[in-house]
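Q: Residue numbers (this note's numbering): 1232 to 1585.
We put the beta carbon where it would ideally sit given N, CA and C, even for glycine.
Since this is a predicted model, take the numbers as computed values, not measurements.
The following block contains the structure, expressed as C-alpha cells.
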C-alpha cells in the first residue's frame, strides 16, 4: 500500500469498500483518499468513513476530512497528503483560520510535530448550502446584510471561482431562508478581512452605492506596514491606474488615472514595523496597498506590492469599521470588529479610533 502500510488484507478490503461507497455517492474526490493511502497517513477504515456532510446539489464535497496518522512528521507535511493538490500557502491559511485540529485541539503551527496515532481533522470552508464557516453576520434586516469577511475568501464570484466566495455563501444563506437574493455594494481584497455591507434589494443597493460615490461612507482599516513610519499622520493623493501586470500604480495621466485619497495615522511603532489606522476617502481597487507601497511602507505579506516580510502569515490589512446611513430610513449605523488574533501583537492594547 505504500510506506507505513504493512497493510492487512482486511484493511485493504475496507478501504476498497469505502472508496466504492464514495464513488457511488458521486464524490469526485476518491483520488484524494487514494493519495492519502499511498502516503502512509491513512491507517484504517475510520478515516475513509469520515467523509460526511454532503450537499444536495450535484457538486458533492466533504465537509470534513479526518485521518489517523501512521508516522512522525510536521503538521504541514501531514496536511500535504491529507489535502492533496493544495498549495503550501493554502495549507498555512487553513491553519491560520483554525480549520485544522490535532487530537481535538485547533493548531495553527505548520511546524508542529505530529506522531503516529494523532488524529488530524481538516474542515472545509463554506462548502455546504447555508454553512457560513468563518463568516460573522453582524446585522441583517429586510434591506441590508452586514458581515465580517474572513481572510482568503473572495468577496464576489469570478469567472474562475463561482461557489467558494462570500457573495455565493450569502446568496445561499438568504435563499435558504426564503429570501430572494443579495446584491454586491463594495468589496474587499481576497487576502484582506473585515466588514462589508450587502444589499437585500435593488433599491437598497442603488442608495448604498450612491452613498459610496458621495464619499458619505466611513471605512477604516488596520494596516501593519514595513519599517518605521516617521510621520504621525498624513494623506496620500494621486491618480491610480492599472498597469500591464494588473497592479494599481499612481500616474500623471489624467485620462487613465482615477483620483484616490487615503488618510493614515500611526497607532504604534515597532523596530521594523508600524501599525496604522487607515481611512479611505475614495475606494479604488487595491488603493491602500498601492498608496502605502508607494509611500515606501508596503503592507506586510503583500508581495505583489513589494513586501518582503510576512510576520502575520497573511496580508496585514483588516477593515475594522464601517459607518453609513441606512439606505431606507436614513438612520446612522456604525459597525466595528475586534482585531484578528494575528494583529493583536502589533496594535496598541486598546486602539484609539479616530
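(1) With 16 other CB atoms within 10 Å as the buried threshold, where does residue 1579 fall?
(2) So, does the segment 1474 to 1484 touch the segment 1442 to 1452, judging by three or more C-beta pairs under 8 Å?
(3) Would you mind reading off the limits of the beta strand (DSSP E) that contains residue 1369?
(4) Three or more C-beta pairs closer than 8 Å, one from the segment 1420 to 1432 and one from the segment 1546 to 1565: is that the case here?
(5) Nearest CA to the CA of residue 1530: which residue from 1452, 1386, 1566 and 1561?
(6) From this set, 1468, 1494, 1540 and 1388, which residue's C-alpha is nearest residue 1488's C-alpha?
(7) Touching or not, the segment 1302 to 1312 and the segment 1344 to 1354, by the rule of three or more beta carbon pairs under 8 Å?
(8) I'd like the span of the beta strand (DSSP E) that includes residue 1376, first residue to last.
(9) Using a Cβ-Cβ cut-off of 7 Å (strictly less than) and excluding sequence neighbours within five positions of residue 1572, which residues of its own chain qualify?
(10) Between which two residues does the alpha helix (DSSP H) harbouring residue 1479 extend?
(11) According to the neighbour-count rule (16 or more other Cβ atoms, all chains shown, within 10 Å of its Cβ), is residue 1566 buried or exposed?
(12) So, with DSSP's three-state summary, where would you put residue 1536?
(13) According to DSSP, is residue 1438 part of a helix, a strand, or is it coil?
(14) From 1500, 1496, 1515 and 1521, pick the residue whose C-alpha is nearest to that of residue 1509; which is it?
(15) With DSSP as the reference, identify every bridge partner of residue 1550, one or two as the case may be.
A: Based on what the coordinates show:
(1) Within a 10 Å sphere around the beta-carbon of residue 1579 sit fewer than 16 other beta-carbons, which makes this residue exposed.
(2) Touching, no.
(3) Element bounds for residue 1369: 1367 to 1371.
(4) Three or more Cβ pairs drawn from the segment 1420 to 1432 and the segment 1546 to 1565 lie within less than 8 Å of each other, which places the two stretches in contact.
(5) The option with the nearest alpha carbon to residue 1530 is 1452.
(6) Ranking 1468, 1494, 1540 and 1388 by Cα distance to residue 1488 puts 1468 first.
(7) Counting Cβ pairs under 8 Å, three or more are found: they touch.
(8) For residue 1376, the enclosing beta strand (DSSP E) covers residues 1375 to 1380.
(9) Excluding positions up to five away in sequence, the list is empty.
(10) Careful: residue 1479 lies outside any alpha helix (DSSP H), inside the beta strand (DSSP E) at 1479 to 1482.
(11) It counts as buried.
(12) Residue 1536: helix per DSSP, three-state reduction.
(13) It is helical.
(14) The shortest C-alpha separation from residue 1509 is found at 1496.
(15) Looking at the DSSP assignment, residue 1550 forms a beta bridge with 1425 and 1452.
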